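Chains as they are written, first to last, in my numbering: chain A, 6 to 156; chain B, 6 to 156.
Here's the structure, in structure tokens; my notes come after.
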DNA sequence: GCTCTTTATATCGTGCACGATCTTTTCGCT
DNA sequence: AGCGAAAAGATCGTGCACGATATAAAGAGC
């Protein structure tokens, strides 16, 4: 048994809470702007991946986003329903579903860039080496994924 | 209109994705250990707050966790249902609900500390000044909350 | 004392995240 | 060819996050 008052200690000393609450805050910052485009935050992140690389399978997209198909499939269906992308079985391998942006889906990149410009401005102003941060967070992610796998 | 291929650029250059995926990875690292205690990740974080300060109102707890009552109330009801805490209306002001840990709820702190010891060990080993990180993330959170409010 | 407003919490509907399970297609092996 | 295993997605149930709305108690102003 550990000492009842020992570390982990207070909420503010917890890395998990720091990331949890920072993520929620960022999510909240994006939400109103994205909602004007009819997008949710995970949908936007998914589109970021597709704008970067189109015509991918659900599995590939999941690897990129660290999501399973049980999360991705319904999300992609919603994006398909509003006409941002298409989901079609690959005739070469009928197990696979290929995801492709429509014209409208591609056009959304510009709209999103405009709608989020105020956030990006903010980021660059405060911009204490964003790239360093991003890399550090990516390293943390890999560590955590490694630890999760080991379980 | 922004250039279609301009910044924000790739997924990996996005702070939002870095935090989003890091948070998900940490969540995934905690999940199996917490599930042995019958807890979810947000429930654990809520308990962290309560172990630090007990006998608080739902609103106070929400401020601490950056959550609204629409999220907190069902979560607290679940923790109450398994006997970790009690929710009672304050007789002085019947609008207010006070949240109090039970004996079992307090005892859970030690169990959690044990169940998560491997994670805490990991954190201290990798431990490049956790506190610096945590503070930086808290600053980011405040910035984001500020920006979200301004919307 | 009686409305009007504010405050504290609860409820509801939608979407995300994920473990568990299922279906279909492909592959490996003999 | 035939069959068992593996792979790719889909489906379902639970819980979280949150906007919108509802309810009920407390306070304010007259």
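For every residue, glycine included, the Cβ atom is placed at its ideal position computed from N, Cα and C.
The structure presented is a predicted model; accordingly, all values stated were derived computationally and were not measured.
CB of residue i within 9 angstroms of CB of residue j, strictly
i	j	result
residue 81 (chain A)	residue 104 (chain A)	yes
residue 20 (chain A)	residue 138 (chain B)	yes
residue 102 (chain B)	residue 63 (chain B)	yes
residue 47 (chain A)	residue 156 (chain B)	no
residue 92 (chain B)	residue 85 (chain B)	yes
residue 30 (chain B)	residue 77 (chain A)	no
residue 120 (chain B)	residue 41 (chain B)	yes
residue 24 (chain A)	residue 53 (chain B)	no
residue 106 (chain B)	residue 152 (chain A)	no
residue 117 (chain B)	residue 16 (chain B)	no
residue 60 (chain B)	residue 18 (chain A)	no
Cβ neighbour criterion (16 or more within 10 Å) applied to residue i
i	result
residue 75 (chain B)	exposed
residue 51 (chain A)	buried
residue 110 (chain A)	buried
residue 43 (chain B)	exposed
residue 108 (chain A)	exposed
residue 94 (chain A)	exposed
residue 26 (chain A)	buried
residue 58 (chain A)	exposed
residue 131 (chain A)	exposed
residue 6 (chain B)	A caution first: residue 6 (chain B) carries a pLDDT of 42, below 50, which makes its placement in the model unreliable, though a value can still be read off. Per the 10 Å Cβ criterion, exposed.
residue 11 (chain B)	Because residue 11 (chain B) carries a pLDDT of 41, less than 50, the predicted location of this residue cannot be relied on, and no value is offered for it.
residue 112 (chain A)	exposed
residue 97 (chain A)	exposed
Local conformation of residue i per DSSP, three classes
i	result
residue 62 (chain A)	strand
residue 95 (chain B)	coil
residue 100 (chain B)	coil
residue 6 (chain A)	For residue 6 (chain A), the predicted structure reports a pLDDT of 42, less than 50, and the residue's modelled location is therefore unreliable. The matter cannot be settled from this model.
residue 44 (chain A)	coil
residue 72 (chain B)	coil
residue 39 (chain A)	helix
residue 53 (chain B)	helix
residue 80 (chain B)	helix
residue 150 (chain B)	helix
residue 90 (chain B)	strand
residue 121 (chain B)	coil
residue 140 (chain B)	helix
Residue of the options minimising C-alpha distance to residue i
i	options	result
residue 125 (chain B)	A:95, A:39, A:148	A:148
residue 34 (chain B)	B:18, B:140, B:83, B:122	B:122
Contact test: residue i Cβ vs the ligand MN heavy atom, cutoff 8 angstroms
i	result
residue 107 (chain A)	Within the structure as shown, the ligand MN is missing, as the structure has no ligands at all.
Please list, in chain order, the residues of the segment 136-155 of chain A that have any C-beta partner in chain B closer than 7 angstroms. 138, 139, 142, 143, 145, 146, 148, 149, 150, 152, 153
To be precise: take each residue of the segment 86-105 of chain A, compare its Cβ to all Cβ atoms of chain B, and keep it if any distance is under 9 angstroms. Which residues remain? none
Taking Cβ-Cβ distances below 9 angstroms as the criterion, which residues of the segment 14-29 of chain B are in contact with chain A? 14, 15, 16, 17, 18, 19, 20, 21, 22, 23, 24, 25, 26, 27, 28, 29
Any residues in the segment 26-50 of chain A with a beta carbon nearer than 7 angstroms to a beta carbon of chain B? Which ones, in chain order? Answer in chain order: 26, 27, 28, 29, 30, 31, 33, 34, 35, 37, 50.
Chain-ordered residues of the segment 60-73 of chain B with a beta carbon less than 9 angstroms from chain A: 69, 70, 71, 72
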